[in-house]
Amino acid sequence: MHLALFGTSADPPTLAHQAIIQGCADCFDHVAIWASDNPFKQHAASLRDRSQMLAAMVNACQPPLSNAQVYADLSFPRTIQTLTVARDRWPQAKISLVIGSDLLAQIPRWYQAAQWLPSVSLFVVPRPASNDWQTAADWLTQQGTTVAIAPFQGPAIASSTFRESSDWRLLPAAVTAYIHQHQLYSSASAAL
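Adding 181 to a residue's 1-based position in the sequence shown gives its number in our numbering.
Laid out in structure tokens, this is it:
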């Protein structure tokens with residue numbers, strides 16, 4: 182089995198997250214998704230809410246994604262912890278870590294990256310606003326990391342754009358419903 186691991190801040194999940202998950206579902210046997218517990222970010226919504234919004238979005242995808250699922254227990258502050266849990270759960274899987282091209286240059290600075298990079302492949306999703314990622318991909322390849330480029334591009338939509346603009350058109354309907362039901366992103370909800 183070829184397994185894609187896709188952790189994302191999803192604060193909130195956008196149409197870009199949905200497109201990336203659908204693209205990964207076309208490329209992999211299974212896609213494991215989680216809301217990341219990123220130690221370098223301050224989130225507007227709780228980890229629990231971000232995970233539930235991701236699950237609502239995945240469950241509402243049309244056509245349904247039978248090979249994609251949210252796994253809240255994969256969320257850790259460090260990638261190495263997530264990989265340990267994933268290997269225990271799927272011991273026979275070939276693992277690819279899904280990463281946006283805008284984050285590629287940061288990976289060598291992630292906690293114990295030299296220890297876990299040789300054991301996974303990177304599946305890089307190009308992002309429109311990210312231009313200089315090929316240098317980082319080449320360097321990682323020279324260090325022995327397997328880097329594959331996704332055959333699709335992530336849409337030019339970011340969660341921060343929604344938080345700044347309150348543009349509901351950036352979000353899947355299931356996420357919008359969850360936000361309203363749980364009264365999240367108060368400035369965005371007040372803009373209705």
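Ideal Cβ placement from N, Cα and C applies to all residues, glycine included.
Quick caveat, the model's predicted, so the values are computed rather than measured.
Query: For Tyr292, tell me which candidate among Pro309, Ile330 and Gln262 has the shortest Cα-Cα distance.; Result: Gln262
Query: For Leu196 and Ala295, what's the separation of their Cα atoms in angstroms?; Result: 33 Å
Query: I'd like the list of long-range same chain contacts for Asp230, defined as Cβ closer than 8 Å, with 5 residues on each side in sequence excluded.; Result: Tyr359, His363 and Leu365
Query: Tell me whether Ala317 is buried or exposed, calling it buried when 16 or more other Cβ atoms sit within 10 Å of its Cβ.; Result: buried
Query: Would you decide whether Gln287 is buried or exposed? Buried here means 16 or more other CB atoms lie within 10 Å of its CB.; Result: exposed
Query: Consult DSSP for Ile338 and reduce its assignment to one of helix, strand or coil.; Result: coil
Query: Compare the Cα-Cα distances from Lys275 to each of Gln324, Lys222, Ala225 and Asp210 and report the closest residue.; Result: Asp210
Query: Which residue from Leu351, Val301, Val356 and Ser217 puts its Cα closest to that of Asp254?; Result: Ser217
Query: Ignoring anything shorter than 4 residues or poking outside the segment 229-295, list the alpha helix (DSSP H) runs there in chain order.; Result: 260-270
Query: Do the segment 230-243 and the segment 190-208 make contact, defined as three or more Cβ pairs closer than 8 Å?; Result: yes
Query: Identify every residue that forms a DSSP beta bridge with Phe221.; Result: Partner(s): none; Phe221 has no beta bridge.
Query: Check whether the segment 198-209 touches the segment 218-225, counting contact only when three or more Cβ pairs, one atom from each stretch, lie closer than 8 Å.; Result: no
Query: By how many angstroms is the C-alpha of Gln334 removed from the C-alpha of His303?; Result: At residue 303 the sequence reads Leu, which differs from the His that was named. One C-alpha to the other measures close to 15 Å.
Query: Within a Cβ cutoff of 6 Å, which residues of the same chain sit near Pro258, ignoring the five residues on either side of it in sequence?; Result: Asp218 and Pro220
Query: I'd like the span of the beta strand (DSSP E) that includes Thr327, first residue to last.; Result: Thr327 to Ile330
Query: So what does DSSP say about Ala191, is it helix, strand or coil?; Result: coil
Query: Residue range of the alpha helix (DSSP H) that Val356 falls in?; Result: Ala354 to His363
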